[in-house]
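K.L.:
Here you go, one structure.
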Amino acid sequence: MNQILESSKKTQYSRLFRRFILLTMICSLAPLLLAGWAINIHYSRFAKERMEKMLRTRVEYHRKIIEFFLKENRTRLDFITQTHSIDFLTKKDRLSHIFKTINRDSWILTDIGIIDENGDHIAYVGPYDLMDKNYFNTFWFKEVMEKGSYTSDMFMGFRKEPHFVMAVIKNENGHRWILRATINTEWFRSLVEDVRIGKTGEVYILNKKGIYQTSPGSDGEIMTLASGFEGEIHDGVKFRFLETGVGDSQTRKIVCETWLRDPKWLLVVRINETELFEEVRHANRAALISLHLSALIIFIVTVFITRHMVSVIKKRDGEVERMNRQLMQTGKLASIGELSAGVAHEINNPLAIITTERQLLQDAEKRTPITDEIFGKQFAESLNQIDTQVLRCKHITRNLMKFARRTKSVIETVDVNVFIREVIELMEREAKSDGISFKSILDDKLKPILSDPSQLQQVVLNIINNAIAAHEDKGYGMITIATCLSKDKTGIVITVEDTGCGITDEDIEKIFDPFFTTKSPGKGTGLGLSICYSIVKQLGGNIDVESDVEKGTLFTLIFPFKPPEALLNHG
Amino acid sequence: MIGSKILLVDDEEIFCDNMAKLLQNRQYKVTAVYNGESAIRELEKDNFDVVVLDLKMPGMNGINTLKEIKKLGLFTETLLLTGHGSVDAAIEAIRLGAYDFLTKPCEIDELVEKIEGAWRKKDGAWKKDLEEKLKKVVESPSDVFKLFD
Chain A
223 MNQILESSKK TQYSRLFRRF ILLTMICSLA PLLLAGWAIN IHYSRFAKER MEKMLRTRVE
283 YHRKIIEFFL KENRTRLDFI TQTHSIDFLT KKDRLSHIFK TINRDSWILT DIGIIDENGD
343 HIAYVGPYDL MDKNYFNTFW FKEVMEKGSY TSDMFMGFRK EPHFVMAVIK NENGHRWILR
403 ATINTEWFRS LVEDVRIGKT GEVYILNKKG IYQTSPGSDG EIMTLASGFE GEIHDGVKFR
463 FLETGVGDSQ TRKIVCETWL RDPKWLLVVR INETELFEEV RHANRAALIS LHLSALIIFI
523 VTVFITRHMV SVIKKRDGEV ERMNRQLMQT GKLASIGELS AGVAHEINNP LAIITTERQL
583 LQDAEKRTPI TDEIFGKQFA ESLNQIDTQV LRCKHITRNL MKFARRTKSV IETVDVNVFI
643 REVIELMERE AKSDGISFKS ILDDKLKPIL SDPSQLQQVV LNIINNAIAA HEDKGYGMIT
703 IATCLSKDKT GIVITVEDTG CGITDEDIEK IFDPFFTTKS PGKGTGLGLS ICYSIVKQLG
763 GNIDVESDVE KGTLFTLIFP FKPPEALLNH G
Chain B
17 MIGSKILLVD DEEIFCDNMA KLLQNRQYKV TAVYNGESAI RELEKDNFDV VVLDLKMPGM
77 NGINTLKEIK KLGLFTETLL LTGHGSVDAA IEAIRLGAYD FLTKPCEIDE LVEKIEGAWR
137 KKDGAWKKDL EEKLKKVVES PSDVFKLFD
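Chains as they are written, first to last, in this note's numbering: chain A, 223 to 793; chain B, 17 to 165.
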């Protein structure tokens, strides 16, 4: 029964534990995680928007740089044609001087040349042997002749390598001549790629037809057609995502496209999305790790706090249960007390009659002695037995009466240590014959208490008697009696510890119940400890028992320095 | 004292009769009644040396009966028989003037001993009273008739 109760209590506490944890989790972790995740998502979006904006700005800015570069060079050529005559420029070393001056700081131009309206080179400075080349039929020659100024797309030309040219026309004295310069492809490529971001970033330029004007890196070669080119002209920077590769190698790229004004080239900046948002993702990860770490810490702390709380509740419950048990015990004893008084009185009357009947028989036998010897002997034996059994009943009723007794306590000052020494002295001889020795550990600093010494003696003697009886089968043992100040310092504690047979868990529940005894019939009435219990309670004290089967039993008696007010007034 | 007059009062009739027989066996003159009212009536009719009174009785209980006896102002001593539970009441009875008390069940010898004690007390008190009255008669012979009050 006890085991079932214990296990049901255990289940109850573990359910309570789980509920506490769940509630705390819902109340603390759920909002934390929700807020954490919401902030994180918001921050990610915000950070991504910032990154996109930054990328757009950089691409826009870079477009302006490229445009500026191209415009500057066109202006430069225009300036030369406007400020110098063809005669001047075709004179020895003049064009070479201009070429060197332009390339003084950086190798911007690959070559420079002057071409007449027939398409023939008049002057040329550069690494190629192009003086004898005629450009009359080339597309750029036609364009410049038509438009007056022209920047070509990349083409192979006579030199058979990708390059692009800028050309301006001048009309001088009715004759037109063209100043043409080839932009250093490498220099231009490095200028374009200057905006490259990160390891996976790619920057290139496409013309209106989608031909690579600079080397695109991984996806193709210069002057080849770019795949997926739409050719739609738009203002500003267009931002789009591009899925490349398949399966595991699939990557998502961010593509920023912006059209240059002249020539109509498309500046493309591509970067892997993972790389661009790496920092955001890193920050995200760090935030999430901290968030989850905090949640974990809260969880652990919750578990610890809850465990502590449940153990406190368990302890309190235990105390309440113990108090309830004591209350029940007191109530039970009170009602049994009332009953006992009535029962004892009712038994006493027939006992008194039996006693008088026995005495009448004795009187009659005295008057008329029994002549039959056997009958006489039996008669005497029976009278003796009646006497013995009446005495036995009388003993029981006397104990019952003591139990129910509401006599006035005689309150005196009691030095507990002196009192204990007297009790030990009283019991020592009896205990010695059973092979039991006494040991006392007395706190000499204890102040005397106000109590009823005879009742105190009755309680302590009863417990010691039981302790001696607990050694019955052993034939040796020790009874340790100790005194000390109670924990709350409002009274004294007397402990009686024996090395006897101990009390089983089942018996310990009923130990203070009247008529409960483990002694053989006729040896004990089972009223001793219940009387002790009622006396201790009457004196405002407390009695508790702990026991270990085969190891021994410990009785703890607590008495206040002052008994209850009612008892003091009564006394 | 052989021949002393004892009034036994107990609602337990068998006990009362048995006690009466036992006391009679020991040469006492015993009257047994079973309640307080009858006891008072008997005391009004006759003189008794010792009254053995049960404490717990229906109707007029031992204490009330004792009070009534005391009101009669007789030269009689009262012994109380009680169960253990009414020791407090027995002490109260002694305060009211009872000679002593005995707890039930008791041995006849014990009761006889107490009766003897009570008789001696009653006898002493009676003699002392008589001496005082005689003294008064000697001092004032006209008071001789008061001896028979």
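Each residue gets a CB set at the ideal place from its N, CA and C atoms; glycine is no exception.
Let me check one thing: in DSSP terms, what residues is Val128 of chain B bridge-paired to?
P.N.:
Note: Val128 of chain B sits in no beta bridge, so no partner.
K.L.:
Would you kindly check if the distance between the Cβ of Phe641 of chain A and the Cβ of Gly713 of chain A is under 8 Å?
P.N.:
No. Outside cutoff.
K.L.:
How far does the beta strand (DSSP E) with Met388 of chain A in it extend, from its first residue to its last?
P.N.:
That run of the beta strand (DSSP E) goes Phe386 to Glu394.
K.L.:
Can you confirm whether Leu573 of chain A, when its beta carbon is compared against all beta carbons of chain B, has any partner nearer than 8 Å?
P.N.:
Closer than 8 Å: yes.
K.L.:
Answer yes or no: does any C-beta atom of chain B fall closer than 8 Å to that of Leu582 of chain A?
P.N.:
Yes, Leu582 of chain A counts as interfacial toward chain B.
K.L.:
Give every residue of the same chain whose Cβ lies closer than 7 Å to the Cβ of Lys270 of chain A, excluding the five residues on either side of it in the sequence, and list them in chain order.
P.N.:
Within the same chain, Lys270 of chain A has close Cβ partners Phe499 and Val502.
K.L.:
Hey, does Pro74 of chain B have any beta-carbon neighbour from chain D nearer than 8 Å?
P.N.:
Structure shown: chain D not included; protein chains present are A and B.
K.L.:
Consider the Cβ of Glu108 of chain B: report whether some Cβ of chain A lies at a distance smaller than 8 Å.
P.N.:
Not closer than 8 Å to any Cβ of chain A, the Cβ of Glu108 of chain B fails to qualify, so no.
K.L.:
In chain A, which residues lie with their C-beta within 7 Å of the C-beta of Asn23 of chain B?
P.N.:
One point to set straight first is that residue 23 of chain B is Leu, not Asn, in the sequence displayed. Within chain A, no residue comes near Leu23 of chain B; the closest Cβ sits about 17 Å away, beyond 7 Å.
K.L.:
Which partner residues of Ala403 of chain A appear in the DSSP bridge assignment?
P.N.:
Paired residue(s): A:Ile334 and A:Met388.
K.L.:
What do you reckon, are the CB atoms on Ser388 of chain A and Leu299 of chain A nearer than 8 Å?
P.N.:
It is worth fixing the name first, because residue 388 of chain A is Met in this sequence and not Ser. Taking 8 Å as the Cβ cut-off, Met388 of chain A and Leu299 of chain A qualify as a contacting pair.
K.L.:
Check whether chain B comes within 8 Å of Lys784 of chain A, counting only Cβ atoms and requiring the distance to be less than that.
P.N.:
Answer no: the Cβ-Cβ gap between Lys784 of chain A and chain B never drops below 8 Å.
K.L.:
With a threshold of 7 Å on Cβ separation, who are the neighbours of Glu274 of chain A within its own chain once the five nearest residues in sequence on each side are excluded?
P.N.:
Here the set comprises Phe461.
K.L.:
Considering only the alpha carbon of each residue, which of A:Ile334, A:Tyr434, A:Gly442 and A:Gly453 lies closest to Ala403 of chain A?
P.N.:
Comparing Cα-Cα distances from Ala403 of chain A to each of A:Ile334, A:Tyr434, A:Gly442 and A:Gly453, the minimum goes to A:Ile334.
K.L.:
DSSP state of Leu672 of chain A, grouped into three classes?
P.N.:
Strand.
K.L.:
Compute the Euclidean distance between the alpha carbons of Lys486 of chain A and Ile427 of chain A, then round it to the nearest angstrom.
P.N.:
About 10 Å.
K.L.:
Along chain A, in chain order, which residues have C-beta atoms closer than 8 Å to that of Glu28 of chain B?
P.N.:
Per Cβ cutoff of 8 Å: Asn571, Ala574 and Ile575.
K.L.:
Determine contact between the region 391-399 of chain A and the region 465-474 of chain A, defined as no fewer than three beta-carbon pairs at a distance below 8 Å.
P.N.:
The region 391-399 of chain A vs the region 465-474 of chain A: no contact.
K.L.:
Kindly list, in the order they appear in chain B, the residues whose Cβ is closer than 8 Å to that of Glu587 of chain A.
P.N.:
What Glu587 of chain A touches in chain B: nothing, since even the nearest Cβ is about 12 Å away.
K.L.:
Give the residues of chain A in contact with Lys120 of chain B, contact being defined as C-beta atoms less than 8 Å apart.
P.N.:
What Lys120 of chain B touches in chain A: Asn570, Asn571, Leu573 and Ala574.
K.L.:
To the nearest angstrom, how far is it from the Cα of Arg267 of chain A to the Cα of Glu495 of chain A?
P.N.:
The alpha-carbon atoms of Arg267 of chain A and Glu495 of chain A are separated by roughly 14 Å.
K.L.:
For Asn80 of chain B, which of B:Leu90, B:Glu58, B:Asn51 and B:Phe91 has the nearest alpha-carbon?
P.N.:
Cα-wise, what sits closest to Asn80 of chain B is B:Asn51.
K.L.:
What does DSSP give as the partner residues of Arg474 of chain A in its beta bridges?
P.N.:
Answer by DSSP bridge pairing, in chain order: A:Glu465.
K.L.:
Within the same chain, show all residues whose beta-carbon is closer than 8 Å to that of Ile336 of chain A, passing over the 5 residues directly before and after it, in chain order.
P.N.:
These residues qualify, in order along the chain: Ile308, Leu311, Thr312, Leu317, His343, Ile344, Ala345, Tyr346, Trp399, Ile400, Leu401 and Arg402.
K.L.:
Which bits of chain B does Ile579 of chain A rub up against, with CB to CB less than 7 Å?
P.N.:
Residue identity check: residue 579 of chain A is Glu in the sequence provided, not Ile. Here the neighbours are Asn34.
K.L.:
Compare the C-alpha of Glu694 of chain A against each of A:Thr702, A:Lys654 and A:Val681 and name the closest.
P.N.:
Nearest C-alpha to Glu694 of chain A: A:Lys654.
K.L.:
Does the separation of the CB atoms of Thr705 of chain A and Leu664 of chain A fall below 8 Å?
P.N.:
In contact: Thr705 of chain A and Leu664 of chain A (Cβ atoms closer than 8 Å).
K.L.:
Which residue's Cα is closest to the Cα of Phe290 of chain A: A:Glu644, A:Phe410, A:Ile592 and A:Ile476?
P.N.:
It is A:Phe410 whose Cα lies nearest to the Cα of Phe290 of chain A.
K.L.:
Could you work out which residues of chain B lie near Ala692 of chain A, taking near to mean beta carbons separated by less than 7 Å?
P.N.:
The premise fails here: Ala692 of chain A is roughly 29 Å from chain B at the closest Cβ pair, so nothing lies under 7 Å.
K.L.:
Mind listing which residues of the region 71-96 of chain B have their C-beta closer than 8 Å to chain A's C-betas, in chain order?
P.N.:
Cβ contacts with chain A come from Lys72.
K.L.:
Would a check of beta-carbon distances place His567 of chain A closer than 8 Å to chain B?
P.N.:
True, the Cβ-Cβ gap to chain B drops below 8 Å.
K.L.:
In chain order, what residues of the same chain lie with their CB nearer than 6 Å to the CB of Arg628 of chain A, ignoring the 5 residues before and after it?
P.N.:
Confidence in Arg628 of chain A is poor, its pLDDT being 46 and thus under 50, which makes the residue's placement too unreliable to answer from.
K.L.:
What three-state label does DSSP hand Met545 of chain A in the structure shown?
P.N.:
Met545 of chain A falls in the helix class under three-state DSSP.
K.L.:
For Arg589 of chain A, which residues in the same chain have their Cβ closer than 6 Å to its Cβ, ignoring the five residues on either side in sequence?
P.N.:
Contacts found: none.
K.L.:
When the Cα atoms are used, what is the spatial distance from Ile287 of chain A to Leu510 of chain A?
P.N.:
Cα to Cα, the separation comes out at about 40 Å.
K.L.:
What three-state label does DSSP hand Gly774 of chain A in the structure shown?
P.N.:
Here Gly774 of chain A sits in strand by DSSP.
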